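**Student:**
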Amino acid sequence: MSEKEVLHILGEAVELGQSAKVSFNVAKLHTQNRIDVPVIIERSKNPGPTVLITAGIHGDEVNGVEIVRQIIAKGINRPKKGTIICIPVINVFGFIHLDREFPDGRDLNRVFPGSKTGSLASRVAHKLMNEIVPHVDLILDFHTGGADRFNSAQIRIAKNEVILEELAEVFGAPFTYYSKNLNKSFRSSCYKLGIPMLLFEGGKSFHINKTITNTGVNGTKRILEHLGMLTSKFKVSKPKNSGIRIIDSKWIRANHSGMFKAKVLVNSLVKRGDVLGHITDPYGSFNHFVKAPNDGYIFNVNESPIIYQGDAIFHISTKIES
9 MSEKEVLHIL
19 GEAVELGQSA
29 KVSFNVAKLH
39 TQNRIDVPVI
49 IERSKNPGPT
59 VLITAGIHGD
69 EVNGVEIVRQ
79 IIAKGINRPK
89 KGTIICIPVI
99 NVFGFIHLDR
109 EFPDGRDLNR
119 VFPGSKTGSL
129 ASRVAHKLMN
139 EIVPHVDLIL
149 DFHTGGADRF
159 NSAQIRIAKN
169 EVILEELAEV
179 FGAPFTYYSK
189 NLNKSFRSSC
199 YKLGIPMLLF
209 EGGKSFHINK
219 TITNTGVNGT
229 KRILEHLGML
239 TSKFKVSKPK
249 NSGIRIIDSK
259 WIRANHSGMF
269 KAKVLVNSLV
279 KRGDVLGHIT
289 DPYGSFNHFV
299 KAPNDGYIFN
309 VNESPIIYQG
319 DAIFHISTKI
329 ES
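Numbering (our numbering), first residue to last: 9 to 330.
1) Going by alpha carbons, who is nearest to Ile203 out of Val144, Trp259, Asp256 and Leu175?
2) Would you please state the rounded distance, in angstroms, between the beta carbons of Met205 and Ile147? I believe it to be under 8 Å.
3) For Ile104, I'd like the list of residues in its chain whose CB is within less than 8 Å of its CB, leaving aside the five on either flank, ordered along the chain.
4) Give me the Cα-Cα distance between Arg157 and Ala270, rounded to the nearest whole angstrom.
5) By DSSP, does Gln78 sit in helix, in strand, or in coil?
6) By DSSP, does Met137 sit in helix, in strand, or in coil?
7) Quick check on this structure: which residue in Tyr316, Ile260 and Ser27 has the alpha carbon closest to the alpha carbon of Pro301?
8) Leaving aside the five residues before and after Asn54 along the sequence, list all residues of the same chain whose C-beta is less than 6 Å from its C-beta, in chain order.
9) Can you list, in chain order, the residues of its chain with a C-beta nearer than 7 Å to that of Thr288? Leave out the 5 residues immediately preceding and following it.
10) Within the same chain, show all residues whose beta-carbon is closer than 8 Å to that of Lys212, passing over the 5 residues directly before and after it, in chain order.
11) Thinking just about the alpha-carbon of each residue, which of Asp107, Ser257 and Leu60 is nearest to the one in Tyr186?
12) Quick check: the Cα distance between Asn168 and Ala176, rounded to an integer number of angstroms?
13) Could you give the residue range of the alpha helix (DSSP H) that holds Ser160?
14) For Asn117, is the classification buried or exposed, using 16 other Cβ atoms within 10 angstroms of its Cβ as the cut-off for buried?
15) Opposite Met267 in the DSSP bridges: which residues?
Next up, the structure:
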């Protein structure tokens, strides 16, 4: 068989038409127990693109993990042509403890492309970049908002990337947010290799939100249909509310510490001067109105009941295209 007919990955050979679950060996615990991350591979008998679907780079971002879990459980990852590789949880250490970082205290998404002899997180990044990523043509990477900050469902891409702009439109998230490729991130390292990535953000850490998961799963189906990979048994819906491209944005930060309650919902279009929320104290003697500094969409809301001066409480668009 030719090289294209056999996928050699993580020491295994997977032929066209085969399914496989291979082990991404991360490390051993201090008890000498191995930690293996399952990599789920589905190959059609018909050649085609290879799509990598990942989540859980941050261990506390369970919403992204749930999206990939549903993609596998529903059989969406069994392609009509080509190959789909799913890694539902990359940072399995963090996922076990619902911790964002690795046991070495490092953020996996800030150590790419990694090093074979570096820190634990760096070694995992290096293995991912060298043993899995070179096989793929497109990556869908699912993330969740950090801490108590709830993100609108959004696709993040860099500006002036024609292929990614087209794919983002196909995906159909409510927002496409233009953001720079952060240094040493998974997205940045893949960009340098010429491998396109759609980075999905939605919801908040430690939570599973049905609307966000549905958006992620439906967007994935649209991408796979666009590539001719989705089997006919799955229906593809048109996005209910998409096409808004956020060119620039700003964080609205708290001018006071206190108890916080947002008045507007995520995805809301607000006008300059609209009241977005209230900061109060426990004694009923203080009530500060948080107002919109400009017209724009609110696409991130801090849902923490207690905030401190300087905390980011709303993310608002300042320039959009639709």
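Note that CB positions come from ideal geometry on N, CA and C, so glycine has one too.
Fair warning: this is a prediction, and the values are worked out from it, not measured in the lab.
**Tutor:** On the basis of the coordinates in this document:
1) Val144
2) 4 Å
3) Gly67
4) 11 Å
5) helix
6) helix
7) Ile260
8) Lys89
9) Gly266, Met267, Phe294 and Asn295
10) Asn71, Thr152, Gly153, Gly154, Ala155, Asp156, Arg157, Phe158, Asn159 and Glu311
11) Ser257
12) 13 Å
13) Where Ser160 is concerned, there is no enclosing alpha helix (DSSP H), although the beta strand (DSSP E) it sits in stretches over Arg157 to Ile165.
14) buried
15) Thr288 and Ile314
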